[in-house]
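Worksheet: the structure to be examined is printed underneath.
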Amino acid sequence: MEIWINPACSKCRGALDLLDAEGAGYTVRRYLEDVPSEDEIRAVLGRLGLEPWDITRVQEAEAGELGMKDWAREDSSRERWIRALAGHPRLIQRPIITADDGTAVIGRTEEAVRDALSR
Numbered sequence: 016m017e018i019w020i021n022p023a024c025s026k027c028r029g030a031l032d033l034l035d036a037e038g039a040g041y042t043v044r045r046y047l048e049d050v051p052s053e054d055e056i057r058a059v060l061g062r063l064g065l066e067p068w069d070i071t072r073v074q075e076a077e078a079g080e081l082g083m084k085d086w087a088r089e090d091s092s093r094e095r096w097i098r099a100l101a102g103h104p105r106l107i108q109r110p111i112i113t114a115d116d117g118t119a120v121i122g123r124t125e126e127a128v129r130d131a132l133s134r
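In structure tokens form, the structure reads like this:
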């Protein structure tokens, strides 16, 4: 299991606390320092079953500067979104937990983290 975190994020810290309390084995990826490639973002999207706009923090200032709220959310725009996430990792929703069964969840709630643990 791997968890993509921003250490400054309270949701990330809460997910780590729960994983620790449950004795889970995991690796931490500080994705702002170890930025995921476009291919890694595509792979995690596949594991999540989501589109890039579904994991984009469009309320962030960087998203506003890029005008992302106005970007099309359709297949033809998918690569543009992925490039933006790879180029601006702060825009990636967090924490993302990749489960051992090949799936992933966005672990913003205790329920989501427990779901990842059960996989």
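Using the numbering used here, the first residue of the sequence shown is number 16, and each one after it goes up by one. All C-beta atoms in this analysis are idealised placements derived from N, C-alpha and C, irrespective of residue type, glycine included.
**Q.** Distance CB(residue 109)-CB(residue 121) smaller than 9 Å
**A.** Yes, these two residues count as a Cβ contact at 9 Å.
Could you tell me the alpha carbon to alpha carbon distance between residue 85 and residue 92, rounded to whole angstroms?
Spanning the two alpha carbons is a distance of roughly 11 Å.
Q) In angstroms, rounded to a whole number, what distance separates the CA positions of residue 76 and residue 57? A) Cα to Cα, residue 76 sits roughly 23 Å from residue 57.
**Prompt:** Taking only runs of the beta strand (DSSP E) that begin and end inside the segment 31 to 64, which ones reach a length of at least 3 residues, in chain order?
**Reply:** You should have 42 to 45.
* To do: Could you say which of 105, 52 and 79 lies nearest to residue 24 if we only look at CA atoms?
  => Of the candidates 105, 52 and 79, the one whose C-alpha sits nearest the C-alpha of residue 24 is 105.
Practice prompt. Alpha carbon to alpha carbon, how far is residue 63 from residue 35? Give it in angstroms, no decimals.
Written response: Within the model, the alpha-carbon separation for residue 35 versus residue 63 is close to 23 Å.
Whole angstroms are fine: how far does the CA of residue 102 sit from the CA of residue 68?
In a straight line, the C-alpha of residue 68 is about 14 Å away from that of residue 102.
Q. Which of helix, strand or coil does DSSP assign to residue 19?
A. Three-state DSSP puts residue 19 in a strand.
- Message: Assuming contact is defined by CB atoms lying nearer than 9 Å, are residue 59 and residue 19 in contact in what I supplied?
- Response: Going by beta carbons, residue 59 and residue 19 fall inside the 9 Å limit.
Taking DSSP as the reference, what is the three-state secondary structure of residue 87? Note: residue 87 maps to coil in three-state DSSP.
Per DSSP, residue 119 forms a beta bridge with which residues? Answer by DSSP bridge pairing, in chain order: 113.
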